[in-house]
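Trainee:
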Amino acid sequence: MTLPALVLAALLQSGAGLMPDPDRPSPFPTSDSEADIAAKIAELRAFFGISERHTRNIVATAQQRALIERLEARHAARLAGIWVDNARGWNVVVRLTGAAPEADETHPGADGPQRVHYITGAAMTEAEMRRRLHAQRDGLLAQLPDLFGYSLDVKTGELEVELRDTPANRATAAAVRDHLQVHLGYPVRLRWYPAATRWNPP
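Residue numbers (my numbering): 32 to 233.
(1) Taking just the CA atoms, how far does P56 sit from G140?
(2) Note the first and the last residue of the continuous beta strand (DSSP E) segment covering R220.
(3) Count the other CB atoms within 10 Å of the CB of P132; is the residue buried (16 or more) or exposed (fewer)?
(4) Hey, L190 and Y217: beta-carbon distance below 8 Å or not?
(5) Could you tell me whether the stretch 109–123 touches the stretch 171–181, where touching means 3 or more Cβ pairs closer than 8 Å?
(6) As a quick exercise: from P60, A134, R168, pick the residue whose alpha carbon is nearest that of L215.
(7) Compare the beta carbon distance of D142 and W121 with 8 Å and say whether it is the shorter of the two.
(8) Under three-state DSSP, which class holds N88?
(9) What does the alpha-carbon distance come out to for the pair A199 and A226?
(10) Just to confirm my understanding: we take S182, look at its own chain, exclude 5 residues before and 5 after, and list those with CB closer than 7 Å. What are they?
(11) Pull the bridge partners of T156 from the DSSP assignment, please.
(12) Drop a sphere of 10 angstroms on the beta-carbon of A166, count the other beta-carbons inside from all chains shown, and report buried for 16 or more, exposed for fewer.
(13) What distance in whole Å lies between the Cβ atoms of L127 and L102, which are believed to be in contact at a cut-off of 8 Å?
(14) Count the other CB atoms within 10 Å of the CB of T137; is the residue buried (16 or more) or exposed (fewer)?
(15) What is the C-beta distance between V123 and E157, in whole angstroms, given that I count them as a contact (C-beta under 8 Å)?
(16) Where does T86 land, buried or exposed, given buried means 16+ other C-beta within 10 angstroms?
(17) Within the continuous beta strand (DSSP E) that includes D184, where are the two ends?
(18) When the Cα of R222 is compared with those of D209, S64, R195, which residue comes out closest?
(19) Rounding to the nearest angstrom, what Cα-Cα distance links F179 and Q212 in this structure?
(20) Is it buried or exposed, G188, if we count other Cβ atoms within 10 angstroms and call 16 or more buried?
(21) Where does T92 land, buried or exposed, given buried means 16+ other C-beta within 10 angstroms?
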């Protein structure tokens, strides 16, 4: 791990209260104003002696983390999913239940704008999806003992069930999926792995 990556990990842990260190500066600017962002960049550069580019990335990462926490709190009643998409710039995607529109947002950032894009129309919140999944977990494991794993895809509102591609699994998986979808109230998709793939219990 590079020095900037180590610095970032340590600062974010400290900022989250996992490793409090009064002698280590927080990566979070006091506000998103240009002056406060510049002051934080200068403080971290002076303390750690790293480049401006790396410092801007550290502060921007902290800003995005804080932004996500604010969005989660603000939209808790409708939150169906939230994720980062930083392939091109700094972007947070928020998926909400219901048809009520929510305007996209742009916030100042240390390494360019921090954008928030909303997708509405989800049928169920992530919290409700997880509650229902927890209630069905034992039945899922009992019906698919060769289960490779499962995960909730908050981008699509689906449960993904991972299985080895064997005749036994092919014979039962579709019926189990259909039964599970009825009890969960949301879609279940099957993902198949080669039969020789090593099995790891979820």
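The C-beta atom is built at its ideal place from N, Cα and C for all residues, glycine as well.
Mentor: Here's the rundown:
(1) In the sequence shown, the residue the question calls residue 140 occupies position 109. In the sequence shown, the residue the question calls residue 56 occupies position 25. Approximately 18 Å, taken between the alpha carbons.
(2) The residue labelled residue 220 in the question sits at position 189 within the sequence shown. Where R220 is concerned, the enclosing beta strand (DSSP E) stretches over 219–224.
(3) Start at 1 with the first residue of the sequence shown, and residue 132 comes out as number 101. Burial state of P132 is exposed, judged by a 10 Å Cβ sphere holding fewer than 16 other Cβ atoms.
(4) Taking the first residue of the sequence shown as position 1, residue 190 is located at position 159. Taking the first residue of the sequence shown as position 1, residue 217 is located at position 186. Taking 8 Å as the Cβ cut-off, L190 and Y217 qualify as a contacting pair.
(5) no
(6) Taking the first residue of the sequence shown as position 1, residue 215 is located at position 184. Taking only the C-alpha atoms, the option nearest L215 is R168.
(7) What you label residue 142 is simply residue 111 of the sequence shown in a count that begins at 1. What you label residue 121 is simply residue 90 of the sequence shown in a count that begins at 1. Yes. Within cutoff.
(8) Position 57 of the sequence shown, counted from the start, is the residue given in the question as residue 88. Helix at N88.
(9) Your numbering for residue 199 matches position 168 in the sequence shown. Your numbering for residue 226 matches position 195 in the sequence shown. Rounded to the nearest angstrom, the two C-alpha atoms are 11 Å apart.
(10) Residue 182 sits at position 151 when you count from the first residue of the sequence shown. Correct list, in chain order: E191.
(11) Residue numbering aside, residue 156 sits at position 125 when the sequence shown is read from its first letter. Answer is none; T156 lacks a bridge partner.
(12) Within the sequence shown, the letter at position 135 stands for residue 166. Classification of A166: exposed, given that the 10 Å Cβ count is below 16.
(13) The residue given as residue 102 occupies position 71 in the sequence shown. The residue given as residue 127 occupies position 96 in the sequence shown. That belief does not hold up - the Cβ atoms of L102 and L127 are roughly 10 Å apart, past 8 Å.
(14) As a first step, residue 137 must be located in the sequence shown, where it is residue number 106. Classification of T137: exposed, given that the 10 Å Cβ count is below 16.
(15) Counted from its first residue, the sequence shown places residue 123 at position 92. Counted from its first residue, the sequence shown places residue 157 at position 126. The pair is not a contact, with the Cβ atoms about 15 Å apart (cut-off 8 Å).
(16) Here residue 86 corresponds to residue number 55 of the sequence shown, with the count starting at 1. T86 is buried by the Cβ-count criterion.
(17) In the sequence shown, counting from the first residue as 1, residue 184 sits at position 153. Where D184 is concerned, the enclosing beta strand (DSSP E) stretches over 178–184.
(18) Taking the first residue of the sequence shown as 1, we reach residue 222 at position 191. Taking only the C-alpha atoms, the option nearest R222 is R195.
(19) For the purposes of this step, residue 179 is taken as residue 148 along the sequence shown, with counting starting at 1. For the purposes of this step, residue 212 is taken as residue 181 along the sequence shown, with counting starting at 1. Looking at the two C-alpha atoms, the distance is approximately 19 Å.
(20) The residue given as residue 188 occupies position 157 in the sequence shown. Counting Cβ neighbours within 10 Å, G188 comes out buried, since at least 16 surround it.
(21) Residue mapping note: residue 92 aligns to position 61 of the sequence shown, counting from 1. Looking at its Cβ environment, which holds 16 or more other Cβ atoms inside 10 Å, T92 is buried.
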